Amino acid sequence: MCGINGAVGLKNISELLFEGIRNLEYRGYDSCGVALMNKTRLILKKDVGGVEDVYRKHNVLQLQSNIGIAHTRWATHGKVTQNNTHPFASNDGNFAVVHNGIISNFRPLRDQLQKEGFKFSSETDTEVLAHLLEKFYKSSRDIEKAFVKVLNLIEGTYAIAFISSHLPGQIFCARRESPLMLGIGDEIKFVGSDFSAFIDHTKNAVILDDGEYAILSRDTYVVKNLLSREEITKPITKIEWDSETSRKGGYPHYMLKEIYEQPQTISNALDLEASGLDEIVELFAKSKNSYLLGVGTTFYVAKYAKYVFSQIAQEFYPSISSDEFRVLTNLNKQSLVFSASQSGETFDTLSALKYAKSKGARTAAVVNVMGSSIARLVDKVVLQGSGPEICVISTKAAVSQMVILTVLAMKLALKKKAITRKTYNQHMRALQELPEIIQGILNERSGFIHRLAHKYSGTRNWLYLGRGVYYPIALEAALKMKEVAYVHAEGMPGGFLKHGTLAMIDDDVSSIVFVPPPEDKSLYEATLHSIEEIRARSGFVLGIHFTEQGKNGALYSEELILPKVPPLTAPLIQLVIGQLFAYFTATSLKRNIDKPRSLAKSVTVA
Amino acid sequence: MKAIILSAGEGAHLSPFSETRPISMIGVAGRTLLDNTFGLLKSAGINDIFVVAGHKREKLIEQLQQQDHNGLNLHHVEQKRKLGIGHAVLQVKNKILPGEFFLLAYGDILTADNIFSKIQQSFHSFKCPVASICLPPSNQMFGNVFLNARMEITKIVEKPKGNNLGNYVLSGVFILPASFFKLLESSGNSMEKALKKVVAGEGLRASMWEDEWLDVVYPWEILTANKMIMDSWKETSIAKDATLEANVTLQGIVRIEAGAIIKSGAVLEGPCCIGEKSYIGNNSLVRSYTSVGKNCSVGSGVELKNCVVMDNSQIGRLSFVGDSVLGENVDMGAGCMTVNRDIDWKPISVKNGKRPMATGMKKLGAFLGDGVVVGAGNTIQPGTIVAPGKVLPACYSVKHK
Chain A
285 MCGINGAVGL
295 KNISELLFEG
305 IRNLEYRGYD
315 SCGVALMNKT
325 RLILKKDVGG
335 VEDVYRKHNV
345 LQLQSNIGIA
355 HTRWATHGKV
365 TQNNTHPFAS
375 NDGNFAVVHN
385 GIISNFRPLR
395 DQLQKEGFKF
405 SSETDTEVLA
415 HLLEKFYKSS
425 RDIEKAFVKV
435 LNLIEGTYAI
445 AFISSHLPGQ
455 IFCARRESPL
465 MLGIGDEIKF
475 VGSDFSAFID
485 HTKNAVILDD
495 GEYAILSRDT
505 YVVKNLLSRE
515 EITKPITKIE
525 WDSETSRKGG
535 YPHYMLKEIY
545 EQPQTISNAL
555 DLEASGLDEI
565 VELFAKSKNS
575 YLLGVGTTFY
585 VAKYAKYVFS
595 QIAQEFYPSI
605 SSDEFRVLTN
615 LNKQSLVFSA
625 SQSGETFDTL
635 SALKYAKSKG
645 ARTAAVVNVM
655 GSSIARLVDK
665 VVLQGSGPEI
675 CVISTKAAVS
685 QMVILTVLAM
695 KLALKKKAIT
705 RKTYNQHMRA
715 LQELPEIIQG
725 ILNERSGFIH
735 RLAHKYSGTR
745 NWLYLGRGVY
755 YPIALEAALK
765 MKEVAYVHAE
775 GMPGGFLKHG
785 TLAMIDDDVS
795 SIVFVPPPED
805 KSLYEATLHS
815 IEEIRARSGF
825 VLGIHFTEQG
835 KNGALYSEEL
845 ILPKVPPLTA
855 PLIQLVIGQL
865 FAYFTATSLK
875 RNIDKPRSLA
885 KSVTVA
Chain B
57 MKAIILSAGE
67 GAHLSPFSET
77 RPISMIGVAG
87 RTLLDNTFGL
97 LKSAGINDIF
107 VVAGHKREKL
117 IEQLQQQDHN
127 GLNLHHVEQK
137 RKLGIGHAVL
147 QVKNKILPGE
157 FFLLAYGDIL
167 TADNIFSKIQ
177 QSFHSFKCPV
187 ASICLPPSNQ
197 MFGNVFLNAR
207 MEITKIVEKP
217 KGNNLGNYVL
227 SGVFILPASF
237 FKLLESSGNS
247 MEKALKKVVA
257 GEGLRASMWE
267 DEWLDVVYPW
277 EILTANKMIM
287 DSWKETSIAK
297 DATLEANVTL
307 QGIVRIEAGA
317 IIKSGAVLEG
327 PCCIGEKSYI
337 GNNSLVRSYT
347 SVGKNCSVGS
357 GVELKNCVVM
367 DNSQIGRLSF
377 VGDSVLGENV
387 DMGAGCMTVN
397 RDIDWKPISV
407 KNGKRPMATG
417 MKKLGAFLGD
427 GVVVGAGNTI
437 QPGTIVAPGK
447 VLPACYSVKH
457 K
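Taken in order, these protein sequences are the chains called A and B.
Our numbering applies: residue 285 is where the first sequence begins, and numbers increase by one.
Our numbering applies: residue 57 is where the second sequence begins, and numbers increase by one.
Have a look at this one:
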């Protein structure tokens, strides 16, 4: 089992060949080699080891050639040695051959060739091909004729490709029972064991059949029947493939990939250096008036932090949307402006921070992208280490920021003795359990969420309701729905209902309620009360809650039941549910998940 | 990459259609499930295909040998004894070289988009064994797959306990190394056990499939499969030598194959398809999601709706066939009716063998096995299954003495 790759084009192909053969490495990995053409002279580089090692060792990428063949081997005949590695050159050095398969009659052929004076350098079956080509070329002076003669002589299975200095712009290839296909690009042609070899460069493939051979050159290719030597018109197969998808691993979209990465990114957030966080806590402690800043998702992160700082550390810091910052603040040298940004390039946040600096305020930020403008601008920065977030819609970065802000609030509370060490440790344990709980939810609840989202994907208006810290969660979950599914979703505090919103409740407006765990007694009861208000008007309610099924009778129209968790992390878990609900609604509605219409990843304009 | 398609199973739940054919030979939207699989494999760049044939293999082998396969290299391997899926996979052992990876797919699953491209792309990025997973419409009959963020499958639960699990399941498409055969052999030919060994050993990555996916288990799911394929159609096609008489109305996406004859006054509401050399009589109404196979004859004034009529069947004049599946060589007399709903709109149960099965569908007609003869004037109760070859006498309200 081996992999073959070849390319002939206009420019230097040695790098393309490298990428292609590396993509074929799964087919064999004990040794590899490449044959290139320096003007009219063949150059062979081959060795034992993986593709990257061999390329590095022999500086293959520095060689220039616009034609070449490469091979990665998994030994069947002959040991794993440099001599047994493909490609093989003929004695006169004018032919270089790669082969996948087994030439079953190679022994008698080799004996014959040896009698005629050909020298063999390896134990492989393949080497006979190179010498046979040289021998038959000498008599006919026609490479194609020589090739056909060789193919008619050999028995067994093969996919063969070779180049020759006699015709330095052509690749010859053929197959019998071993896969081989051609890649047809503009001004470049490929041959490969499968289309991984060339899929990054062309999606047009011609699949060779048994008893056919092909000749490729930069601009054209021809496939012929081995018996009749007549040209065959082969259909071009369009490979449905994009290399973007490959980078997503097995995930259909980056958004889901990033949702699934959250257990890991939360762990990363909890493993951040304590000293860096302590410095920021110090800033909060020293400042006379602090502001939490963000825009879009990060504004909701800031809003969430406002509740957490208030509840855990008994400190009230206003959260302000970056774009509204200038008109709302009163800054001086005792102020602290703390902002959150995934990209660290967000225009509104950046200009708000610059404004704060101009007023002499201290600044700090939690940012995902190292070396970004915000990271460089602020006095203290926490790099959250969530890894690249590619989907335009923020998921893992936002949840990690929420976790980091929770830790900051806990540290501040401990410092000013608003909580005991024991409570601090309890909170810490709750956070440390969070990755596993989220993993469990992803593994056991995705199917339910998918079914619910699919069933209600026709809903055009959602109210997302939450009380207390669940209110920013409702806001953020609703934003996900707006961004990815283009569905109207309004985050709102539960208490707002009877002050106006309740009038909207009818068949066209459905509600999702983020219900706190019953341990959070007053918040829990107040939330149930909100639900009753909606149900009394025959409104639809999807309840996301932590109590047993059916415990609250017919309170919910639909329910999504979550395992029992500590109240500290319950909102974060519900946010993950909100992310998945938005995601699956969007897939049901066939939205452009990773690049929603009208939106861009980092908003670097005003 | 080589592909192995498993088409050996008996599919007992699919009676009466599985009694006379492998499941993968059931025709929907004008082609068999197997043809659909072949088409997807081809556009995924796979053309060396081994089909494991077992139950009713003659029919499958005959088709593999007869058809022009559009450049695919099709081979069949026989599983002569009914020893399960793992054993079926082992029949292909000597076709896969050491170190080689192969694609394995169950023959009774159906997707409209290309699940094989998707899993190959995942394989391309992981370069290790991959299993395709999906979220099925219900988890009742499937297992549960647990993942971590790197898409590694950490656990496979075959029969989840309690109703609290709802998640990804194996969708019946895998890319596995040749060493999998050894694992199968050391696991008593159990597919589940061997997969668990891959999970514990080399590791098994997941490739998420989010588009529609169907495992055709019950006869009424043939209608679901039919709809799924027809919904993926993008354009109308009418063969050059099909005959459409004057005053034929075509609406929506319609496929008419070579040699078909559509008589004057017929209305075809797409999506629907009329197979090769089939005949649609005057003033017939062919409504959406109707698939008529090859060489069928539909008499004048017949109404067809959301139904699959397999090859060589006849439907007599002034009949109604709706929400029903007719096998091959069915001969339905004139003036027959497949009643497709209960008088009080209750969901229809299907009685097949011992006990009735709830389908949850409010509209469902009849399922007539291959070669069933329905005499003229019969009215068939919703959810009726008729065994292959059965002859139902005609219903006369007036008889000669």
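All C-beta atoms, glycine included, are put in the ideal place defined by N, C-alpha and C.
As the structure is a prediction and not an experimental result, all values here were calculated from the model.
query	result
Within the continuous alpha helix (DSSP H) that includes K98/B, where are the two ends?	L89 to S99
Would you tell me roughly how many angstroms separate the C-alpha atoms of A697/A and E720/A, rounded to the nearest one?	26 angstroms
What residues of chain E sit near E266/B, judged by a beta carbon separation below 7 angstroms?	Looking for chain E here will not work: the only protein chains present are A and B.
Check each candidate in A838/A, Q546/A and A854/A and name the one with the smallest Cα separation from G752/A.	A854/A
My output table needs one value for H131/B: the three-state DSSP class, helix, strand or coil.	strand
Should S369/B and G389/B be called a contact, given that it needs their Cβ atoms to be closer than 9 angstroms?	no
Can a CB atom of chain B be found closer than 9 angstroms to the CB of Q668/A?	no
Rounded to the nearest angstrom, how far is the Cβ of I427/A from that of F402/A, given a contact under 8 angstroms?	Going by Cβ atoms, the distance from I427/A to F402/A rounds to 18 angstroms, so no, they are not a contact pair.
Is it a yes or a no for the stretch 284–301 of chain B touching the stretch 242–250 of chain B, going by three-plus beta-carbon pairs under 8 angstroms?	no
Going along chain B in order, which residues have a C-beta closer than 8 angstroms to the C-beta of F865/A?	Ordered by position in chain B, no residue passes the 8 angstroms Cβ test against F865/A, which lies about 14 angstroms from the chain.
When the Cα of G724/A is compared with those of I543/A, P371/A and N616/A, which residue comes out closest?	I543/A
Give a yes or no on whether 9 angstroms exceeds the smallest Cβ distance from F479/A to chain B.	yes
Which whole-angstrom value describes the C-beta separation of T486/A and G469/A, a residue pair presumed to lie in contact below a C-beta threshold of 8 angstroms?	4 angstroms
Measure the beta-carbon distance from A773/A to A762/A and round it to whole angstroms, keeping in mind my assumption that it falls under 8 angstroms.	4 angstroms
Mind checking if M207/B is an interface residue toward chain A, Cβ cutoff 9 angstroms exclusive?	yes
As an exercise, report each continuous beta strand (DSSP E) stretch of at least 3 residues that is fully enclosed by the stretch 699–758 of chain A, in chain order.	745–750
Using the DSSP secondary-structure output, state which residues sit across from W265/B in a beta bridge.	C190/B
Leaving out five residues before and five after F600/A in sequence, what residues of the same chain have Cβ atoms less than 6 angstroms from its Cβ?	S594
If we cut at 9 angstroms on Cβ distances, does R729/A have a partner in chain B?	yes
Considering only the alpha carbon of each residue, which of E566/A, D607/A, E557/A and Q685/A lies closest to V592/A?	Q685/A
Closer than 9 angstroms by beta-carbon distance: list the chain B residues that pair up with P547/A, in chain order.	N204 and A205
Comparing C-alpha positions only, which one of R206/B, V254/B and G321/B sits nearest to A234/B?	V254/B
If you follow the alpha helix (DSSP H) that R306/A is in, where does it begin and where does it stop?	S298 to N307
Quick check on the burial criterion: 16 or more other C-beta atoms within 10 angstroms. Buried or exposed for Q449/B?	The identity of residue 449/B in the sequence shown is Pro, whereas the question assumes Gln. The residue is exposed, with fewer than 16 neighbouring Cβ atoms inside 10 Å.
Going along the chain, which residues of the stretch 772–806 of chain A sit with their C-beta nearer than 8 angstroms to a C-beta in chain B?	none
Rounded to whole angstroms, what is the Cα-Cα separation between S380/B and V292/A?	56 angstroms
Just to confirm my understanding: we take V364/A, look at its own chain, exclude 5 residues before and 5 after, and list those with CB closer than 7 angstroms. What are they?	D314, S315 and V332
Tell me whether M388/B sits in a helix, a strand or coil according to DSSP, three-state version.	strand
Apart from the five residues on each side of it in sequence, which residues of its chain come closer than 6 angstroms, Cβ to Cβ, to L255/A?	For residue 255/A there is no data in the structure shown, the boundaries of chain A being 285 and 890.
Would a C-beta distance cut-off of 9 angstroms place Q863/A and T679/A closer than the cut-off?	yes
My output table needs one value for A380/A: the three-state DSSP class, helix, strand or coil.	strand
Exposed or buried, S642/A, counting other C-beta atoms within 10 Å across all chains shown (16 or more means buried)?	exposed
In the DSSP assignment, what residue or residues form a beta bridge with I444/A?	H383/A and A458/A
Would H180/B count as contacting chain A if we go by Cβ distances under 9 angstroms?	yes
To the nearest whole angstrom, what separates the beta carbons of S623/A and I658/A, a pair I think is in contact under 8 angstroms?	7 angstroms
I'd like to know if D493/A contacts chain B, where contact means its C-beta is closer than 9 angstroms to some C-beta of that chain.	yes
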